[in-house]
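Beneath this line is the structure, given in structure tokens, with notes to follow.
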Amino acid sequence: MFRIVNKKELNSTVTLLEIEAPFVARKAQAGQFIIFRVDEMSERVPLTIADYDREKGTVTIIFQKVGLSTKLLGAKEIGDSIQDFVGPLGVATEYEGMKKVAVVGGGVGCAIAYPQAKALHARGVEVDVIAGFRSKDIVILEDEMKAVSSNFHLMTDDGTQGEKGFVTDKLKALIEGGAGYDTVIAIGPIPMMKFVSLTTKPYGIKTIVSLNPIMIDGTGMCGGCRVTVGGKIKFACVDGPDFDGHEVDFDELMNRNSVYKAREAELAETHICRMEKLAQELI
Amino acid sequence: MANMSLEKIKMPEQKPDVRNKNFEEVALGYTAEMAVEEAQRCLNCKHKPCVSGCPVNVRIPEFIAEVAKGDFMAAYRVITSTNALPAVCGRVCPQESQCESKCVRGMKGEAVAIGRLERFVADWYMANCDEMPEKPVSNGKKVAVVGSGPSSLACAGDLAKAGYEVTIFEAFHKAGGVLVYGIPEFRLPKAIVQKEIDKLSALGVNIMTNMVIGKVLSVDEIIEDMGFNAVFIGTGAGLPSFMNIPGEALVGVYSANEYLTRINLMKAYLSEYDTPIRKSKAVAVVGGGNVAMDAARCAKRLGAEKVYIVYRRSEKEMPARLEEIHHAKEEGIEFHLLRNPVRILDDGNGQACGIECLKMELGEPDASGRRSPVPVEGSNYVIDVDTVVMSIGTSPNPLIRSTTKGLETNRKGCLVVNEETNQTTREGVYAGGDAVTGAATVILAMGAGKKAAEAIDKYLKK
Numbered sequence: 000m001f002r003i004v005n006k007k008e009l010n011s012t013v014t015l016l017e018i019e020a021p022f023v024a025r026k027a028q029a030g031q032f033i034i035f036r037v038d039e040m041s042e043r044v045p046l047t048i049a050d051y052d053r054e055k056g057t058v059t060i061i062f063q064k065v066g067l068s069t070k071l072l073g074a075k076e077i078g079d080s081i082q083d084f085v086g087p088l089g090v091a092t093e094y095e096g097m098k099k100v101a102v103v104g105g106g107v108g109c110a111i112a113y114p115q116a117k118a119l120h121a122r123g124v125e126v127d128v129i130a131g132f133r134s135k136d137i138v139i140l141e142d143e144m145k146a147v148s149s150n151f152h153l154m155t156d157d158g159t160q161g162e163k164g165f166v167t168d169k170l171k172a173l174i175e176g177g178a179g180y181d182t183v184i185a186i187g188p189i190p191m192m193k194f195v196s197l198t199t200k201p202y203g204i205k206t207i208v209s210l211n212p213i214m215i216d217g218t219g220m221c222g223g224c225r226v227t228v229g230g231k232i233k234f235a236c237v238d239g240p241d242f243d244g245h246e247v248d249f250d251e252l253m254n255r256n257s258v259y260k261a262r263e264a265e266l267a268e269t270h271i272c273r274m275e276k277l278a279q280e281l282i
Numbered sequence: 000m001a002n003m004s005l006e007k008i009k010m011p012e013q014k015p016d017v018r019n020k021n022f023e024e025v026a027l028g029y030t031a032e033m034a035v036e037e038a039q040r041c042l043n044c045k046h047k048p049c050v051s052g053c054p055v056n057v058r059i060p061e062f063i064a065e066v067a068k069g070d071f072m073a074a075y076r077v078i079t080s081t082n083a084l085p086a087v088c089g090r091v092c093p094q095e096s097q098c099e100s101k102c103v104r105g106m107k108g109e110a111v112a113i114g115r116l117e118r119f120v121a122d123w124y125m126a127n128c129d130e131m132p133e134k135p136v137s138n139g140k141k142v143a144v145v146g147s148g149p150s151s152l153a154c155a156g157d158l159a160k161a162g163y164e165v166t167i168f169e170a171f172h173k174a175g176g177v178l179v180y181g182i183p184e185f186r187l188p189k190a191i192v193q194k195e196i197d198k199l200s201a202l203g204v205n206i207m208t209n210m211v212i213g214k215v216l217s218v219d220e221i222i223e224d225m226g227f228n229a230v231f232i233g234t235g236a237g238l239p240s241f242m243n244i245p246g247e248a249l250v251g252v253y254s255a256n257e258y259l260t261r262i263n264l265m266k267a268y269l270s271e272y273d274t275p276i277r278k279s280k281a282v283a284v285v286g287g288g289n290v291a292m293d294a295a296r297c298a299k300r301l302g303a304e305k306v307y308i309v310y311r312r313s314e315k316e317m318p319a320r321l322e323e324i325h326h327a328k329e330e331g332i333e334f335h336l337l338r339n340p341v342r343i344l345d346d347g348n349g350q351a352c353g354i355e356c357l358k359m360e361l362g363e364p365d366a367s368g369r370r371s372p373v374p375v376e377g378s379n380y381v382i383d384v385d386t387v388v389m390s391i392g393t394s395p396n397p398l399i400r401s402t403t404k405g406l407e408t409n410r411k412g413c414l415v416v417n418e419e420t421n422q423t424t425r426e427g428v429y430a431g432g433d434a435v436t437g438a439a440t441v442i443l444a445m446g447a448g449k450k451a452a453e454a455i456d457k458y459l460k461k
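Chains A and B, in that order, give the protein sequences.
Start counting the first sequence at 0; every next residue gets the next number (numbering that gives the first Met the number 0).
Start counting the second sequence at 0; every next residue gets the next number (numbering that gives the first Met the number 0).
Here's what the structure looks like:
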């Protein structure tokens, strides 16, 4: 069992949990992920590592309560434990040779964009962060991202905070303005990563995206996380999760990630029953 | 006087049209009377040909003689002196190509039902004498076992009995390897596997789940930082192959590994579990091995109206056990033989809606000695399916070999070992099972685990 030692609600749907997992904390690096399972009946769900503390032996994850498993996880409190927590999985992000980087985060993807920016900043790389959100009330990690970037650009779709517009608008403007990025790291919803990659392609700027497909084991065994990259089948769990954004077939990935949408909706219903039953037993 | 019946006592089974709707065990097992009667068919040959057909040399005539006498406890002791997992082997061993293939009774009529008798004895023991082994006195030496499938369980068990402090590192959340994620409940009830694992725990084996070796710890760290004196690698052959045909990335296309893991390990067939799986109407399983049969029979049990096996050679070349093919057919699985998929069709919304196959003819024998299939031009046709399961083989996982210096592998990615000792090209690091041989059988893996345990014991006593 893995104990939760800290919990923060970052906005109405995004939660931060710090979890005791000393073996994972010992080895974790930016870009890698973990798989959690809340209880015996739950699914195995991958989440990218948001932070780690080797001395305390803890790993931090930040997630949006969208599906059944993330809702169950979000319902856990400090002191509670979850059944399984395995990692670090996947290949760590390769920062070699980077000098000036734009880190682009979209929504809850900022939870992962932030540690990337932090890691780069710590290596002495010049980092600009472009963070995009739908609206003011879901902005997360603003101060943290500011602290590790040379220039921080906050974008909202509706203009309620920062500048109005998409991250791609800002990125394009910065590139056109001669920012001179050698690399762009984009983490967020699949369409955002797709359009960031399309934005950088004409300029030939190396673009790294972090993919989060459906998977079971995280060790290359199920093949569920296969993505087409440069026309070849890759397993995101062992070959990724970072890939060259100019090579990824994003439309295929989006389609594959929708596989259990209907089931998810159905489960959400039955699951409320399961949670209510549990609650009743507790009372 | 031996029982001279030419046929084995029939195995009681659930009826096909009943069992293809549930996940309970297909074969129900012999009663004591049946077992004694079948045991009496054994001629107790002096030269014991059956024993040479068993990868772990179970003293077959000896245990069968005890069964014939009705002393099931004595029979159990004979079996378990060389085979730690009789309830598993009695169910999943390909006896027809091993021990039973050498049985003298098989020359005229059917061989003695060695597998069924082994299973009976193991089940009888579990039902009647459920004592747990005691933890032996520790010799102070530590051995790490990576993976928890059949080779690892056998290796860990033997080492623990010899007094070693054994830790098993398992990547999944549950120990058992292919016995829990691969082989379905209806062929190998998971309670049986769990009992074997509980026995290991009673022997003092420490089982650490959620540990992906090669990621969370390297083999070198296990030795240097954690103070293990030797390591056994039993990580299996878990990497699924795909055909690289168009449409394999469509929704509704699974590897057999994913499909079976969702069902067997993650219990997608039980409503109290959250594991999602596709609700299929028609399923094509590509491949002809035991794994393909398992996937097809699972699909049927999950409610698919039509389930097809698509295999590029003829039934004679199928690597699956005869019994599995027979059971699959009885349960209503349709076989499309000498057919090779060329693409999977998209329904326009990114979902699989059919599989296009090409008819094949058998040509000359290939390297494996099997006649290789040759396509018949223009013979394409489509089978309407909403789900495709690719079951065309697996290869060893590179996670350990790519993170451990000095571990040699062959061109298929299998670890190279000394055949006598199962030591890898690194001193103190041993390996066995599918990680060495590529996908093979449970019993071969167990045999390798035992051999490695013996060699590790010798090595650490030096």
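Even for Gly, the Cβ is constructed at its ideal location relative to N, Cα and C.
Here the structure is a predicted model, which is why all the values come from computation and not from measurement.
Please classify residue i as buried or exposed, where buried requires at least 16 neighbouring CB atoms within 10 angstroms.
i	result
arginine 17 of chain B	Inspection of the sequence shows that residue 17 of chain B is occupied by valine rather than by arginine. Looking at its Cβ environment, which holds fewer than 16 other Cβ atoms inside 10 Å, valine 17 of chain B is exposed.
arginine 40 of chain B	buried
asparagine 19 of chain B	buried
cysteine 109 of chain A	buried
asparagine 348 of chain B	exposed
lysine 461 of chain B	exposed
Using 8 Å as the limit for Cβ to Cβ distance, is residue i near chain B?
i	result
serine 209 of chain A	no
valine 258 of chain A	yes
glycine 223 of chain A	yes
glycine 0 of chain A	Before going on, a small fix: residue 0 of chain A reads as methionine here, not glycine. Chain B, which has no Cβ nearer than 8 Å to the Cβ of methionine 0 of chain A, makes this no.
leucine 46 of chain A	no
arginine 53 of chain A	no
lysine 171 of chain A	no
valine 247 of chain A	no
glutamate 93 of chain A	no
valine 100 of chain A	no
lysine 75 of chain A	no
I'd like to confirm the pairing. Which residues does DSSP put opposite residue i in its beta bridges?
i	result
methionine 10 of chain B	Methionine 10 of chain B pairs with nothing; no bridge assigned.
isoleucine 63 of chain A	Correcting the residue identity first, residue 63 of chain A is glutamine in this sequence and not isoleucine. Answer is A:Val13.
histidine 335 of chain B	B:Val309
asparagine 19 of chain B	According to DSSP, which records beta bridges pairwise, asparagine 19 of chain B is partnered with nothing at all.
proline 239 of chain B	B:Thr393
methionine 207 of chain B	B:Phe168
glycine 105 of chain A	A:Gly131
tyrosine 253 of chain B	B:Val388
valine 183 of chain A	A:Ala101, A:Thr206
glutamate 8 of chain A	A:Thr14
Check whether the Cβ of residue i lies closer than 8 Å to any Cβ atom in chain A.
i	result
aspartate 122 of chain B	no
leucine 398 of chain B	yes
proline 340 of chain B	no
histidine 325 of chain B	no
proline 374 of chain B	no
valine 215 of chain B	yes
tyrosine 272 of chain B	yes
asparagine 209 of chain B	yes
Using 8 Å for Cβ pairs, my map puts residue i next to residue j. What's the rounded Cβ distance?
i	j	result
threonine 81 of chain B	asparagine 43 of chain B	That pair is no contact at about 18 Å.
valine 341 of chain B	leucine 357 of chain B	5 Å
valine 247 of chain A	isoleucine 184 of chain A	Contact doesn't hold; Cβ gap of about 14 Å is too wide.
alanine 295 of chain B	isoleucine 308 of chain B	6 Å
arginine 370 of chain B	glutamate 316 of chain B	7 Å
glycine 448 of chain B	glycine 432 of chain B	7 Å
threonine 260 of chain B	lysine 266 of chain B	The pair is not a contact, with the Cβ atoms about 10 Å apart (cut-off 8 Å).
lysine 134 of chain B	glycine 203 of chain B	4 Å
alanine 201 of chain B	proline 149 of chain B	Their Cβ separation, rounded to whole angstroms, is 19 Å, which puts alanine 201 of chain B and proline 149 of chain B out of contact at 8 Å.
methionine 445 of chain B	leucine 84 of chain B	6 Å
valine 388 of chain B	valine 282 of chain B	7 Å
isoleucine 33 of chain A	valine 4 of chain A	That pair is no contact at about 15 Å.
alanine 24 of chain A	arginine 43 of chain A	Not confirmed; about 20 Å, so no contact.
| Runs of beta strand (DSSP E) lying entirely within the stretch 65-123 of chain B, each at least 3 residues, in chain order | Runs of the beta strand (DSSP E) inside the stretch 65-123 of chain B: none found.
| query | Quick one: complete beta strand (DSSP E) runs, 3+ long, within the stretch 346-419 of chain B? | reply | 351-364, 370-374, 380-382, 386-389
| request: Ignoring anything shorter than 3 residues or poking outside the stretch 36-99 of chain A, list the beta strand (DSSP E) runs there in chain order. | output: 44-47, 50-52, 57-63, 83-88
| message | Runs of 4 residues minimum, wholly inside the stretch 212-244 of chain A: which ones carry the alpha helix (DSSP H) assignment? | response | 235-238
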